[in-house]
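Following: one structure in structure tokens, then a few remarks.
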Amino acid sequence: MVDLAVIGGGPAGLAAAHAAYQSGLRDIVILERDRELGGILNQCIHNGFGLHRFKQELTGPEYAGRYINMLNDTNVETRLDTMVIEITPDKRIYTASPNGYEMIEAKSIVLAMGCRERTRGAIAIPGSRPSGVLTAGAAQRYLNMEGLMPGSRAVILGSGDIGLIMARRMTLEGAEVLACVELMPYSSGLNRNIVQCLEDYNIPLYLSHTVTDIRGGRRLEGVTVAKVDENRRPIPGTEINFDCDTLLLSVGLIPENELTRGAGIDMDLRTSGAVVFENMETSIPGVFACGNAVHVHDLVDFVSEESAKAGGAAAAYVGGCTHESGGARLKNGANVTYTVPQRLHGHVTNKEIGVFFRVNRVFKKSKITVTADGAEIASFNRRYMMPGEMQHVTLKADKLAGVSDITIAAEEIA
Amino acid sequence: MEIMFDAAIIGCGISGAAIARELSKYDLTTVIIEKENDVAMGATRANSAIVHAGYDAPPGTLMAKLNVRGNELTKELCARLSVPYKNIGSLLLAFSDEEAVTVQKLYERGLKNGVPDMRILTFEETKALEPNISDEVKAALYAPSAGIVNPWEFAVALAETAVQNGAKLMLGSEVTAIERGADGFHITAGGETLKAKYVINAAGVNAGKLHDMALPHAFDITPNKGAYFVLDKSEGELVKHVIFQCPSKAGKGVLVSPTVHGNLIIGPNALDVKSDETEVLESDLSDVRKAAVRSIPSVDFRQNIRCFAGVRPNSTVEDFIIGAHDGFIDVAGIRSPGLTAAPGIAEYVAVLMRENGAKLTPRSNFIDRREHVRFKDLTHEQRAALVKENPLYGRVICRCETVTEGEIVNAIRSPIPPRTIDGVKRRCEAGLGRCQGGFCGPRVLEILSRELHVPRESIQQDKNGSYIVTIHLNSLKS
Numbered sequence: 010m011v012d013l014a015v016i017g018g019g020p021a022g023l024a025a026a027h028a029a030y031q032s033g034l035r036d037i038v039i040l041e042r043d044r045e046l047g048g049i050l051n052q053c054i055h056n057g058f059g060l061h062r063f064k065q066e067l068t069g070p071e072y073a074g075r076y077i078n079m080l081n082d083t084n085v086e087t088r089l090d091t092m093v094i095e096i097t098p099d100k101r102i103y104t105a106s107p108n109g110y111e112m113i114e115a116k117s118i119v120l121a122m123g124c125r126e127r128t129r130g131a132i133a134i135p136g137s138r139p140s141g142v143l144t145a146g147a148a149q150r151y152l153n154m155e156g157l158m159p160g161s162r163a164v165i166l167g168s169g170d171i172g173l174i175m176a177r178r179m180t181l182e183g184a185e186v187l188a189c190v191e192l193m194p195y196s197s198g199l200n201r202n203i204v205q206c207l208e209d210y211n212i213p214l215y216l217s218h219t220v221t222d223i224r225g226g227r228r229l230e231g232v233t234v235a236k237v238d239e240n241r242r243p244i245p246g247t248e249i250n251f252d253c254d255t256l257l258l259s260v261g262l263i264p265e266n267e268l269t270r271g272a273g274i275d276m277d278l279r280t281s282g283a284v285v286f287e288n289m290e291t292s293i294p295g296v297f298a299c300g301n302a303v304h305v306h307d308l309v310d311f312v313s314e315e316s317a318k319a320g321g322a323a324a325a326y327v328g329g330c331t332h333e334s335g336g337a338r339l340k341n342g343a344n345v346t347y348t349v350p351q352r353l354h355g356h357v358t359n360k361e362i363g364v365f366f367r368v369n370r371v372f373k374k375s376k377i378t379v380t381a382d383g384a385e386i387a388s389f390n391r392r393y394m395m396p397g398e399m400q401h402v403t404l405k406a407d408k409l410a411g412v413s414d415i416t417i418a419a420e421e422i423a
Numbered sequence: 077m078e079i080m081f082d083a084a085i086i087g088c089g090i091s092g093a094a095i096a097r098e099l100s101k102y103d104l105t106t107v108i109i110e111k112e113n114d115v116a117m118g119a120t121r122a123n124s125a126i127v128h129a130g131y132d133a134p135p136g137t138l139m140a141k142l143n144v145r146g147n148e149l150t151k152e153l154c155a156r157l158s159v160p161y162k163n164i165g166s167l168l169l170a171f172s173d174e175e176a177v178t179v180q181k182l183y184e185r186g187l188k189n190g191v192p193d194m195r196i197l198t199f200e201e202t203k204a205l206e207p208n209i210s211d212e213v214k215a216a217l218y219a220p221s222a223g224i225v226n227p228w229e230f231a232v233a234l235a236e237t238a239v240q241n242g243a244k245l246m247l248g249s250e251v252t253a254i255e256r257g258a259d260g261f262h263i264t265a266g267g268e269t270l271k272a273k274y275v276i277n278a279a280g281v282n283a284g285k286l287h288d289m290a291l292p293h294a295f296d297i298t299p300n301k302g303a304y305f306v307l308d309k310s311e312g313e314l315v316k317h318v319i320f321q322c323p324s325k326a327g328k329g330v331l332v333s334p335t336v337h338g339n340l341i342i343g344p345n346a347l348d349v350k351s352d353e354t355e356v357l358e359s360d361l362s363d364v365r366k367a368a369v370r371s372i373p374s375v376d377f378r379q380n381i382r383c384f385a386g387v388r389p390n391s392t393v394e395d396f397i398i399g400a401h402d403g404f405i406d407v408a409g410i411r412s413p414g415l416t417a418a419p420g421i422a423e424y425v426a427v428l429m430r431e432n433g434a435k436l437t438p439r440s441n442f443i444d445r446r447e448h449v450r451f452k453d454l455t456h457e458q459r460a461a462l463v464k465e466n467p468l469y470g471r472v473i474c475r476c477e478t479v480t481e482g483e484i485v486n487a488i489r490s491p492i493p494p495r496t497i498d499g500v501k502r503r504c505e506a507g508l509g510r511c512q513g514g515f516c517g518p519r520v521l522e523i524l525s526r527e528l529h530v531p532r533e534s535i536q537q538d539k540n541g542s543y544i545v546t547i548h549l550n551s552l553k554s
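Keeping their order, the protein sequence lines are chains A and B.
Plus 9 on top of the position in the first sequence (first one is 1) and you've got my numbering.
Plus 76 on top of the position in the second sequence (first one is 1) and you've got my numbering.
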């Protein structure tokens, strides 16, 4: 029986394991399906990671390396090339690896499986089905991990950060990137990436456009891009044809939670992640979740912070700390699409509770209002908010005692 | 030395594969000639994957007889060849009194065709079986003998059995000429000339063209496209049976059904196309969406993981076109229920050959079994034992479908080795799941390259020309 099993050795799992160790746990195992620790950071060879966490601009592998080094000084066990096949509600974990098929019993579990990319199927793009249509992350893996070029003339659909980063990356390796196409009237990527990855390379960004046709019997030969109306429907007559051999899709990320669902843990339809309490505990006591498996983050720094919370809480749980259920539920108010956490325990031990959420459109000068059972308990001003940037507020726990509903709302102010 | 084959089968879709296996039971030399780089590359890989009960076709037709016979044989063959098959039954819904009359007619037709155990259900009885059906349903025809199958694996398994019993498979060989010589047929394919006593034309949408190479023009194949959605496994239990709507002139209409992989399949529409065009148009998708919600209003199309379209080899003849002309046997116009009928068609072709003078002596050492280990279907104990025996079964390559490296390597070493990413997908389901190969694609590419001893740049996604990566960046350094 281990004290803690961490499912996933990406940024979330590494930070959770490290925090649990710091909090006194000694018998910790990280189960990682890939051949090395670091998760998706390993293929993110660009810089820009760690500005919050380490006050430095690191590359993905460097950021992962910081945590791997911190763990090297501990006795945390790492099992690589190990896939978790099933987790039972009583915390038995079945794993497969070339070393054997095993069952591990754990006192506590941290779910840190990360997320996966939405595909062409998820958005049902019409046309033929040639090769050369792939997710931006898959292209990134081919280029940065395998040294293989996925194509020579590319169009990028979606202006999420991975799409933007890949526009630059493909250009640097000699490909021609013809356009970056975004369905929404704004980009969901970070502003710095729009400047550094598109504008600096004269790659046009087509806002309120989408791909309406894919051509090519075998390898991609071209795509049609059209402007969309306010209902995101293509407008006839606005079509532009691009001759290209590659279409990269950066059309959203989905938390990976097959194991979570399999264990019977309560899920949140808004985030596609587990419902979590303020200490990142799921509906099964002793099972915690963090990182992109809970909700998709913009910055790895926030993943680390959230995951450290989960790791610390797992250590507390193993140490005998239990929580009362029956605390408050957090709800979407006006213009808010989700909150994490979704629930609070009956008696919250922390003085402050951090809440992440996202808004449903671009806001200029705006106000965030937090109400508890209908009464305003806090408000925050923001100069600018957009759906692509995760928002964060900190609530005082003493104002939440005995509350059953907490609502977070956003409104624009003149 | 030129070999004279007893039989040359042109086309290795489900019909060609089933015929090849049937003929391999006998002491015959057989060659299967396929123009694509793998088997099951036409209608066989893009259809509804249904094993029909057999009430649709008019009594007395080949379609009716071979459907009912094929239904029985499919069940048996899938068990023997380790092909996923589920006998889930079908429901044909009637939405009006007029359609209730059609249901009654098809019930009677089914009785004449020999379909077992059918019943006509009231709305309440139907709703009890399928809680998610529309409240507009008036009645339904329940056919418990219907089922679902993995069509491409079925074709692969049948073709593999033929190859294991000595049949020669020529991939990437397009037949360009057929001449009738004194000593049999001379077939030009992929730059070679082959000789065969019997030619079986199972060329799908190209069967008309093939027929005309050897015989006077007799029929036209009219390719007809059907588009589909495949929904995530989260939706796989929305229905428990194959849910049909009443057939119209255009065909059997849009169905909603679970797949053997646990997904939900929805389609097809029907549209005549010029050639074998499989593009999915926005209009195809909206047609299918509209039709499907009539049966099951709660279908959540946001859970779609893939759209595809297939082309049915419809023809100018109402029935299947199966007949012998002095050793040239047409197996043409094999649209729905062709997948179901295929094993029946194969038996019938053997009969036609015998009637046309072929001597069919049973092969003494006929290999009639095929095992397919699916890691995810094993118990914990079986998995542990398997990994101990071969560590490659401990490495999961496809996360969505839990497919291990052991299974992929096993497929690559099978009698008809896949050489493409989609070839691997068709044999062991890697890349079939919700991420559609996003994670496992690069890994499968690496395994194919390693096992086949070819550079990764040369691996194709699917048909030749569907390359995945262009250059190895390290090659630029020198």
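We put the CB at the ideal spot given by N, CA and C, even for glycine.
By the criterion of Cβ-Cβ separation under 8 Å, what are the contact partners of residue i in chain B?
i: P107 of chain A; result: V463, P467, L468, G470, R471
i: M395 of chain A; result: Those within 8 Å of M395 of chain A in chain B number zero; the least Cβ separation is about 23 Å.
For residue i, go through chain B and note every residue whose CB falls closer than 9 Å to its CB, in chain order.
i: R227 of chain A; result: Q536, Q537, D538, K539, N540, G541, S542, Y543
i: Y103 of chain A; result: H456, R459
Any Cβ of chain A within less than 9 Å of the Cβ of residue i?
i: R532 of chain B; result: yes
i: V306 of chain B; result: yes
i: E98 of chain B; result: no
i: C504 of chain B; result: no
i: T354 of chain B; result: yes
i: L314 of chain B; result: no
i: D402 of chain B; result: no
i: D363 of chain B; result: no
So which residues on chain A does residue i lean against when the C-beta distance must stay under 9 Å?
i: A434 of chain B; result: Within 9 Å Cβ-Cβ: nothing; A434 of chain B doesn't reach chain A, min ~38 Å.
i: T120 of chain B; result: Those do not exist, as T120 of chain B stays about 16 Å from chain A at its closest Cβ, beyond 9 Å.
Short of 6 Å in beta carbon distance, which residues of its chain neighbour residue i, apart from the five on each side in sequence? Order them along the chain.
i: E230 of chain A; result: R224
i: M117 of chain B; result: none
i: R121 of chain B; result: W228
i: L13 of chain A; result: A29, L34, I37, S117, A323
i: P413 of chain B; result: H128, N143
i: D308 of chain B; result: Q379, I381, R510
Against chain B, does residue i count as a neighbour if the rule is that its beta carbon must be under 9 Å from one of theirs?
i: P20 of chain A; result: no
i: P135 of chain A; result: yes
i: P139 of chain A; result: yes
i: M179 of chain A; result: no
i: G198 of chain A; result: no
i: I94 of chain A; result: yes
Cβ closer than 7 Å: which chain B residues qualify as neighbours of residue i?
i: Y151 of chain A; result: P518, V545
i: P245 of chain A; result: Going along chain B, no residue has its Cβ under 7 Å from P245 of chain A, so there is no contact; the nearest lies around 11 Å.
i: D90 of chain A; result: R471
Under 8 Å Cβ-Cβ, which residues of chain A neighbour residue i?
i: P460 of chain B; result: The sequence given here has Ala at residue 460 of chain B, not Pro. Those within 8 Å of A460 of chain B in chain A are G109, Y110, E111.
i: Q512 of chain B; result: T128, R129, G130
i: L524 of chain B; result: By Cβ distance, chain A contributes nothing, its closest Cβ being about 13 Å from L524 of chain B, past 8 Å.
With a CB to CB cut of under 8 Å and the five nearest residues on each side skipped, what residues in its chain are close to residue i?
i: Y347 of chain A; result: D277, R279, T280, H304, N341, F366, R367
Residue i touches chain A at which residues, Cβ-Cβ below 7 Å?
i: H548 of chain B; result: G156, L157
i: R382 of chain B; result: G130
i: A528 of chain B; result: As written in the sequence, residue 528 of chain B is Leu, which differs from the Ala given in the question. Simply none; closest approach about 16 Å.
Sorted by chain position, which residues of the same chain lie with C-beta nearer than 7 Å to residue i's C-beta, five sequence neighbours on each side aside?
i: A253 of chain B; result: T264, M289
i: T198 of chain B; result: A215
Residues bridged to residue i by DSSP?
i: L1 of chain A; result: There is no way to answer for residue 1 of chain A, as the model of chain A reaches only from 10 to 423.
i: L314 of chain B; result: Its beta-bridge partners do not exist; DSSP assigns none.
i: I190 of chain A; result: Before going on, a small fix: residue 190 of chain A reads as Val here, not Ile. BP columns for V190 of chain A point to A:L166, A:Y215.
- Query: What alpha helix (DSSP H) runs, 4 residues minimum, are completely inside the region 448–477 of chain B?
  - Reply: Counting whole runs of 4 or more residues, the region 448–477 of chain B contains the alpha helix (DSSP H) stretches 456–465.
- Item | Complete runs of the alpha helix (DSSP H) confined to the region 215–250 of chain B [at least 4 residues] | The DSSP assignment places 227–240 as complete runs of the alpha helix (DSSP H) inside the region 215–250 of chain B, in order along the chain (cut-off: 4 residues).
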